[in-house]
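Residue numbers (our numbering): 12 to 192. C-beta: ideal position from N, C-alpha, C; glycine also. Keep in mind the model is a prediction, meaning the values are calculated, not measured. Below: one structure, written as structure tokens.
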Amino acid sequence: MMQTIVPRCLFLWRYRAGHVLTMLGALAALSFAGGSSAAAPIAVAVADFDYFDTSGEVVDQSAEHRARVASFAKLLRDNLAAQGDYRVVTIECRDHPCTATSMSQDVFIAAARKAGARLVVYGGIRKMSTLVQWGEIQLLDLEAEKLLMRRTVTFRGDNDAAYRHAADFVSDTVKETMPKP
């Protein structure tokens with residue numbers, strides 16, 4: 012009689028052990044899936060910015076302005092990428108800089124989509140006087156085909172520090188408006 016009980020108990024133990032191992036495997040799979048279920052970063056393109064100098068100053072500062080405007084866009088890209096919620100992609104175009112006004116609207120949007128962007132940040136900066144500059148920043152959701160933000164910002168100064176400060180402020184403003192993954 013003992014011989015029939017032992018194999019039966021052994022069978023039940025194996026069944027339960029197998030069941031427990033299956034459950035542990037399922038829990039482990041769920042925990043790995045839970046760890047990687049964090050939403051993928053949203054792809055965002057930050058276009059180059061247009062620049063207009065209407066100050067009427069005699070001194071030609073176009074080279075310095077090109078460098079500062081390029082730096083402004085790079086700082087926006089770096090600030091958005093540092094967030095971790097966003098993956099910055101590059102808009103490719105035939106002629107540089109790749110701004111929203113240097114190409115037609117259809118070509119601009121197609122280039123952003125080709126880069127894999129869901130969101131596009133673009134705009135321009137205008138120098139009004141030796142002290143005052145203003146920029147218009149726009150945020151477009153390509154997936155929803157909707158303009159999420161259009162802001163005008165002003166800043167004082169025509170030097171690297173003023174552009175850095177403005178880029179930091181614009182980055183924070185854009186991040187507040189952008190959808191979260």
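Asked                                                                                                                                                               : Found
If we count Cβ pairs, one from each stretch, closer than 8 Å, do we get three or more for the stretch 150-159 versus the stretch 81-101?                            : no
Give the DSSP-derived three-state secondary structure of Leu-158 in the structure shown.                                                                            : strand
Please report the residue range of the beta strand (DSSP E) in which Arg-137 lies.                                                                                  : 130-138
Tell me where the alpha helix (DSSP H) around Val-185 begins and ends.                                                                                              : 171-188
List the DSSP bridge partners of Ile-148.                                                                                                                           : Gly-134 and Arg-162
Could you give the distance in angstroms between the alpha-carbon of Thr-165 and the alpha-carbon of Arg-105?                                                       : 31 Å
Considering only the beta carbon of each residue, do Ile-120 and Ala-58 sit closer than 8 Å?                                                                        : no
Using 10 angstroms around the beta-carbon of Lys-191, count the other beta-carbons present and answer buried if the total reaches 16, otherwise exposed.            : exposed
Would you mind reading off the limits of the beta strand (DSSP E) that contains Phe-83?                                                                             : Phe-83 -> not in any beta strand (DSSP E); alpha helix (DSSP H) instead, spanning 73-94.
Met-160: which of Ala-74, Ala-111 and Val-131 sits nearest, CA to CA?                                                                                               : Val-131
Hey, would you say the C-beta of Leu-159 is under 7 Å away from at least one heavy atom of the ligand COA?                                                          : In terms of ligand content, the structure shown is empty, and the ligand COA therefore cannot be addressed.
Helix, strand or coil for Ile-102 per DSSP?                                                                                                                         : coil
For Asp-96, which residues from the same chain have a beta carbon less than 7 Å from its beta carbon, with the 5 sequence-adjacent residues on both sides left out? : Pro-52, Ile-53, Lys-191 and Pro-192
Please return the same chain residues whose Cβ sits closer than 8 Å to the Cβ of Ala-173, not counting the five positions on each side in sequence.                 : Gln-144, Phe-166 and Arg-167
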